[in-house]
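Chemist: Start counting the sequence shown at 612; every next residue gets the next number (the numbering used here). Ideal Cβ positions, reconstructed from N, Cα and C, are used throughout, including at glycine.
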Amino acid sequence: MQIALRQNYDVFAWAHFDMKGIHPSITSHRLNVLPTARPIRQRVRHFHPNRQAIIRNEVDKLLEAGFIREVDYLDWLANVVVVPKKEGKWRVCVDYTNLNNACPKDSFPLP
């Protein structure tokens, strides 16, 4: 898979600005939060310095690619969760439990 990606590097969009001719509204996402929902700020979790470095590296990659952006005044605060992969590396995820509860349920949920 990695060989195929490297051989066809120019075919893929690695950041939103690589998708020429596509309006940003198509590649952007807005959440439909219930109007009665009050924003919840999860208590900040503290991580071991090794895990902090893993999180910082992943966040820096996403910021550089333009897939996430920093905000000064946030309404919701969701913590990251660092999960071990089978091959021994780490996966950085976000705990959106509270935000998911504040969104309308899908008419056709995934199985």
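(1) To which residues does DSSP link VAL691 through a beta bridge?
(2) Classify LEU673: buried if its beta carbon has 16 or more other beta carbons within 10 angstroms, exposed otherwise.
(3) Please go through the same chain and pick out, in chain order, the residues whose beta-carbon is closer than 8 Å to the beta-carbon of LYS696, but skip the five residues on each side of it.
(4) Taking VAL715 as the reference, which of THR647, THR638, ARG617, PRO722 has the closest Cα?
(5) Applying the 10 Å Cβ sphere with the 16-neighbour rule, what's the burial state of LEU710?
(6) Would you identify the three-state DSSP class for ARG667, choosing helix, strand or coil?
(7) Go ahead and pull the three-state DSSP assignment for ARG641.
(8) Roughly how many whole angstroms lie between the Cα atoms of ASP629 and ARG680?
Modeler: Here's the rundown:
(1) For this step, residue 691 is matched to residue 80 along the sequence shown. The partner list for VAL691 (beta bridge, DSSP) reads VAL705.
(2) Against the sequence shown, residue 673 aligns to sequence position 62. That one is exposed.
(3) Working through the sequence shown from its first residue, we reach residue 696 at position 85. Only residues of its own chain outside the window of five on either side were considered, and among them ARG702 have a CB closer than 8 Å to the CB of LYS696, listed in chain order.
(4) As a position in the sequence shown, residue 715 is number 104, starting the count at 1. Looking at the sequence itself, residue 715 is Pro, so the reference to Val does not match. Closest option to PRO715, Cα to Cα, is THR647.
(5) Counted from its first residue, the sequence shown places residue 710 at position 99. Result: buried.
(6) Position 56 of the sequence shown, counting from 1, holds the residue named residue 667. If DSSP states are grouped into helix, strand and coil, ARG667 belongs with the helices.
(7) Residue numbering aside, residue 641 sits at position 30 when the sequence shown is read from its first letter. In the structure shown, ARG641 sits in coil (DSSP, three-state: anything other than H, G, I, E or B).
(8) Along the sequence shown, read from residue 1 onward, the residue named residue 629 stands at position 18. Along the sequence shown, read from residue 1 onward, the residue named residue 680 stands at position 69. Their Cα atoms are separated by approximately 17 Å.
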